[in-house]
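Undergrad:
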Amino acid sequence: TDALTGLLNRGAFEKDIAVLLADQSAQPLTLLMLDLDGFKTFNDRQGHPAGDALLGAVARAINAGVRAGDRVYRYGGDEFAVLLPGTAPGVGVEIAQRIRAAIAGLDSTTGVPITVSVGAACHPGDAVTRDGLVAEADAALYRAKESGGDRVAVAGVSRTPSTTTARSSPDDGTGTGAP
């Protein structure tokens, strides 16, 4: 367990993803990789105690956005991972959007908006190995960050990732406009 956030840690992630991928039940497994936007700047300006408090608040927001049976991890630094067993890509994106919106709704008490970029990938459609699944989710995460952050990007979708704001509607990354 991660001492700062109370979440499962990277070691638990490695064990859990191996077990879930070894299960031959052919159930889909969606992986969400999350990275706080501008966390280094926040930490530099507000100080490490404020950064630590923010990480705790983000962990609680992620936990509030997932379902029973989903698993949330502090992957490292300001990065988080969520394993969604038995979850197809469309539902995974809905959960990712719910988490993204919850984090955007956090009050940092500093006036600095708190946002997160999310990359989503699904086994077996996007990758069949642990390394492949993590690489696909990570690549989607970096597309979201490169597109301005506060977005969910989906593995294998090369168009601009989506965000949910007052000016736009939810999008699952497939171009259909459906949440």
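Here the sequence shown is numbered in my numbering, starting from 12 and rising by one per residue. Cβ coordinates follow ideal geometry from the N, Cα and C atoms, glycine included. In this text, all values refer to a predicted model and were calculated from it rather than measured experimentally.
Which residues bound the alpha helix (DSSP H) around residue 23?
TA: 21-33
Undergrad: Spell out a yes or no on whether the region 153-164 and the region 129-138 are touching, meaning 3 or more CB-CB pairs, one atom from each, closer than 8 Å.
TA: Because the criterion of three Cβ pairs below 8 Å is met, the region 153-164 and the region 129-138 touch.
Undergrad: Kindly give me the distance between the Cβ atoms of residue 97 and residue 39, rounded to whole angstroms, as I take these residues to be in contact under 8 Å.
TA: 7 Å
Undergrad: Along the beta strand (DSSP E) that carries residue 126, what are the first and last residues, could you check?
TA: Residues 126-134.
Undergrad: With a threshold of 7 Å on Cβ separation, who are the neighbours of residue 1 within its own chain once the five nearest residues in sequence on each side are excluded?
TA: No statement about residue 1 is possible, as the shown extent of the chain runs from 12 to 190 and does not include it.
Undergrad: According to DSSP, is residue 47 part of a helix, a strand, or is it coil?
TA: strand
Undergrad: Run the CB neighbour count on residue 177, radius 10 Å, all protein chains shown included, and call it buried at 16 or more, exposed below.
TA: Residue confidence is low: residue 177 scores 29 on pLDDT, short of 50, so the model does not pin down where it sits. Its coordinate-derived value is still stated next. With fewer than 16 other Cβ atoms from the protein chains shown falling within 10 Å of its own Cβ, residue 177 counts as exposed.
Undergrad: With distance defined between alpha-carbon atoms, name the residue in 12, 69, 94 and 152 nearest to residue 79.
TA: Measuring C-alpha to C-alpha distances from residue 79 to each of 12, 69, 94 and 152 identifies 94 as the nearest.
Undergrad: By how many angstroms is the C-alpha of residue 123 removed from the C-alpha of residue 67?
TA: 17 Å
Undergrad: So, for residue 174: in the same chain, excluding its five sequence neighbours on each side, which residues have a beta-carbon less than 6 Å away from its beta-carbon?
TA: Any reading at residue 174 must be qualified, since the residue scores a pLDDT of 43, below 50, and its modelled position is unreliable; the value itself is stated next. Counting only Cβ-Cβ distances below 6 Å, and skipping sequence neighbours, we find 161 and 162.
Undergrad: Spatial neighbours of residue 147 within its chain, please: CB distance less than 6 Å, with the 5 preceding and 5 following residues excluded, ordered by chain position.
TA: Excluding residues up to 5 positions away in sequence, 132, 137, 138 and 166 lie with their Cβ nearer than 6 Å to the Cβ of residue 147 in the same chain.
Undergrad: Determine whether the beta carbon atoms of residue 125 and residue 114 lie at a separation below 7 Å.
TA: yes
Undergrad: Tell me which residue opens and which closes the beta strand (DSSP E) that residue 164 is part of.
TA: Boundaries of the beta strand (DSSP E) harbouring residue 164: 163-165, taken from the DSSP string.
Undergrad: Does any CB atom of chain C fall closer than 7 Å to the CB of residue 94?
TA: Chain labels in this structure do not include chain C; a single protein chain is all it has.
Undergrad: With H, G and I counted as helix, E and B as strand and the rest as coil, what does DSSP make of residue 140?
TA: coil
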